[in-house]
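Quick note on numbering: the sequence shown equals residues 3 to 106 in my numbering.
Cβ atoms here follow ideal geometry from the backbone N, Cα and C, with glycine treated the same way.
Small disclaimer: the values here were computed from a predicted structure and weren't measured.
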Amino acid sequence: MGNCQGTTGTDVCTNGLFCVKKTVTYSVAVKAITFKWDTYTKGCASVREHNGAVTTNTCYDIGTTDKGTYKTSSRDCYCQTDFCNSSTSIVFSVVTILFTMVYF
């Protein structure tokens, strides 16, 4: 896997490669409580890994699994700009902090 945020090194996404962030969301329901978490894998790609199609600057919902109380969903996001697939944006972080300070 490549380094989408790097500027030097042998694993930097260059030469027309897209940065890709693969997100898998897990959800487990136990009685009235639902636990939800995400896992992320970042790398470089020239084609969409799940079907070999040409990548674009967008996200693709890959698939979902629903086993009743256990659910997963997969999403791949491709982009070609610096820091484009960060897990949180600076603007979102600032808005969240301001909202928390004002309302709590």
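Which of helix, strand or coil DSSP assigns to Phe20: strand
Output the distance between the C-alpha atoms of Ala47 and Val22, rounded to the nearest integer angstrom. 7 Å
So, with DSSP's three-state summary, where would you put Ser1? An answer regarding residue 1 cannot be provided, because it is not within the stretch 3 to 106 covered by the chain.
Asp40 beta carbon less than 9 Å from that of Thr60: no
Per DSSP, which one or two residues make a beta bridge with Gly54? None, per the DSSP bridge assignment.
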